[in-house]
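Peer 1: In case it helps, the numbering used here puts the sequence shown at residues 2 to 262.
Don't be surprised by glycine CBs; every beta carbon is placed ideally from N, CA and C.
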Amino acid sequence: MNKKLLVKVLSVVLALVLGMTVLWACGGEEPQVDEKPELIMATNAAFPPYEFKEGDSFAGIDVDIATLIAEKLGMELVIKDVEFGSIVGGVQSGKFDMGMAGMTVTEERLESVNFSESYATGIQVVIVAEDSTITSLDDMLADGSMKYGVQQDTTGDIYASDTVENGGYGEENVIRYKTGAEAVQALKAGKLDAVIIDNEPAKSFVAANEGLRILEAEWAVEDYAICIAKENTELLEKVNGALAELEAEGKIQEIIDTYIK
Ligand code: GLN
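Written out as structure tokens, the structure reads:
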């Protein structure tokens, strides 16, 4: 082969290799045009069976319902696992599109955010040690002789921390934990007399920990809904539309039945 021909062959080979590299590099990127808009949901994934971690991914009633809502809206669900108490503020400021965390609709929260139609009922219950002297709500004293554990910023916290006149136990008798699981561990360790928490997580925690029981009584009955920024009425309408469809299709009940037997 003469020199000229060799140079030609080599440059063709080089061009081919370069071309293929460029093609390969472009192929690796997601096409921008077809990308679905994100639906960013804030939750606190320590609240089984509504939201919890399963390895690296999220599972639970809220996660499954949100997945179907996003599907109906043609959006890509993105879940952010944050502290429960930062969900409302984050939704209000636009950091998250919606908050879904077994979240109870309360007058106070309604001052900061809007709520969708309710998709589930929550009941605040009381967990005590199996051998506890507390057998009814009347046995829960607010005279300083008992300590109550709650997950901070939840309705259990808000109501229990209220004054005795308002039906609470007084802030000084309430101990706040980051998660319900931590409150339950403190109860097991004998640091608390009772934990006030939503009924379904209560059942999960009691099933996973020996020596605890749940009082028969209902401490408070509440509605769970999705919170959305007040100005984002467009998303609120869309989410309510999707929820109504899912309800009519029997999907909400189907999901709840998968997790709550
Ligand atoms: N339902 C309670 C509330 O809204 C607790 C929710 C939670 O801990 N994820 O305050």
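Going by alpha carbons, who is nearest to K204 out of G145, G171, V129 and I229?
Peer 2: Residue mapping note: residue 204 aligns to position 203 of the sequence shown, counting from 1. The residue with the shortest Cα to Cα distance from K204 is V129.
Peer 1: Can A71 and I257 be called in contact, C-beta distance under 8 angstroms?
Peer 2: Sequence index remark: in the sequence shown, residue 71 carries index 70 (1-based). Sequence index remark: in the sequence shown, residue 257 carries index 256 (1-based). Not closer than 8 angstroms, so no.
Peer 1: Is any heavy atom of the ligand GLN found at a distance shorter than 7 angstroms from the C-beta of D199?
Peer 2: On the sequence shown, residue 199 is found 198 positions in, with the first residue counted as 1. For D199, the CB falls within less than 7 angstroms of some heavy atom of the ligand GLN.
Peer 1: Thinking C-alpha only, which one of P38, S94, I88 and M101 is nearest A60?
Peer 2: As a first step, residue 60 is located in the sequence shown; it is residue number 59 there, counting from the start. A60 has its Cα closest to that of M101, out of P38, S94, I88 and M101.
Peer 1: Out of curiosity, what's the CA-to-CA distance linking E219 and L78?
Peer 2: Within the sequence shown, residue 219 is the residue found at index 218, counting from 1. Within the sequence shown, residue 78 is the residue found at index 77, counting from 1. Their backbone Cα atoms lie some 34 angstroms apart in a straight line.
Peer 1: Taking 8 angstroms as the cut-off, decide whether the C-beta atoms of M99 and V92 are in contact.
Peer 2: Numbered from its first residue, the sequence shown carries residue 99 at position 98. Numbered from its first residue, the sequence shown carries residue 92 at position 91. Yes, the pair counts as a contact, with Cβ atoms nearer than the cut-off.
Peer 1: In its own chain, which residues sit with a C-beta less than 8 angstroms from the C-beta of A143, not counting the 5 before and 5 after it?
Peer 2: For the purposes of this step, residue 143 is taken as the residue at position 142 of the sequence shown. Excluding residues up to 5 positions away in sequence, V165, G169, Y170, G171 and N174 lie with their Cβ nearer than 8 angstroms to the Cβ of A143 in the same chain.
Peer 1: State the DSSP-derived secondary structure class of E206, mapped to helix, strand or coil.
Peer 2: Here residue 206 is taken as the residue at index 205 of the sequence shown, counted from 1. In the sequence as presented, Glu is not what sits at residue 206; that position holds Phe. Helix.
Peer 1: How big is the Cα-Cα spacing for D199 and F206?
Peer 2: Sequence index remark: in the sequence shown, residue 199 carries index 198 (1-based). Sequence index remark: in the sequence shown, residue 206 carries index 205 (1-based). Linking D199 to F206 through their CA atoms gives a straight-line distance of about 11 angstroms.
Peer 1: Using the DSSP secondary-structure output, state which residues sit across from G123 in a beta bridge.
Peer 2: What you label residue 123 is simply residue 122 of the sequence shown in a count that begins at 1. In DSSP, G123 forms a bridge with E223.
Peer 1: Rounded to whole angstroms, what's the CA-CA distance from V127 to E36? Just pull it up for me.
Peer 2: Indexing the sequence shown from 1 puts residue 127 at position 126. Indexing the sequence shown from 1 puts residue 36 at position 35. Straight-line Cα distance between these residues: approximately 46 angstroms.
Peer 1: Could you tell me the distance, in whole angstroms, from the CA atom of E246 to the CA atom of K252?
Peer 2: As a first step, residue 246 is located in the sequence shown; it is residue number 245 there, counting from the start. As a first step, residue 252 is located in the sequence shown; it is residue number 251 there, counting from the start. Between the C-alpha atoms of E246 and K252 there is a straight-line separation of about 9 angstroms.
Peer 1: With a threshold of 7 angstroms, establish whether the CB of Q152 neighbours any heavy atom of the ligand GLN.
Peer 2: Numbered from its first residue, the sequence shown carries residue 152 at position 151. Yes, the Cβ of Q152 comes within 7 angstroms of a heavy atom of the ligand GLN.
Peer 1: Nearest to D158 by alpha carbon, out of T136, M141 and G181?
Peer 2: Numbered from its first residue, the sequence shown carries residue 158 at position 157. Nearest of T136, M141 and G181 to D158, Cα basis: G181.
Peer 1: By alpha-carbon positions, which one of A46, V89, V151 and D65 ends up nearest to G56?
Peer 2: Position 55 of the sequence shown, counting from 1, holds the residue named residue 56. Residue A46 is the option with its Cα nearest to G56.
Peer 1: Where does E201 sit, in a helix, a strand or coil, going by DSSP?
Peer 2: In the sequence shown, the residue the question calls residue 201 occupies position 200. Looking at E201 - three-state DSSP - the assignment turns out to be helix.
Peer 1: Determine, using beta carbons only, whether S117 and V222 come nearer to each other than 8 angstroms.
Peer 2: If you number the sequence shown from 1, residue 117 lands on position 116. If you number the sequence shown from 1, residue 222 lands on position 221. Contact flag unset, no.
Peer 1: For D154, which option in I88, D194 and M147 has the closest C-alpha, if you only look at C-alpha atoms?
Peer 2: Reading the sequence shown from its first residue, position 153 is the one you call residue 154. The residue with the shortest Cα to Cα distance from D154 is I88.
Peer 1: Hey, could you find the ends of the beta strand (DSSP E) G150 is sitting in?
Peer 2: As a working note, residue 150 is residue 149 in the sequence shown. First-last of the beta strand (DSSP E) with G150: Y149 to Q152.
Peer 1: To which residues does DSSP link F85 through a beta bridge?
Peer 2: If you number the sequence shown from 1, residue 85 lands on position 84. According to DSSP, which records beta bridges pairwise, F85 is partnered with nothing at all.
Peer 1: In terms of alpha-carbon separation, which member of V83, T44 and I229 lies closest to G95?
Peer 2: One-based indexing of the sequence shown puts residue 95 at position 94. Here the closest residue by C-alpha is I229.
Peer 1: For a minimum of 4 consecutive residues, which ranges assigned as the alpha helix (DSSP H) are wholly contained in the segment 162-203?
Peer 2: 181-189
Peer 1: Can you tell me where the alpha helix (DSSP H) holding K73 begins and where it ends?
Peer 2: Numbered from its first residue, the sequence shown carries residue 73 at position 72. Residues I62 to L74.
Peer 1: So, at 7 angstroms on beta carbons, what are the nonlocal neighbours of A161 in its own chain, with the 5 sequence-adjacent residues on each side left out?
Peer 2: Stepping through the sequence shown from its first residue, residue 161 is reached at position 160. Result list for A161: Y149, V151, G169, Y170, V175 and I197, in chain order.
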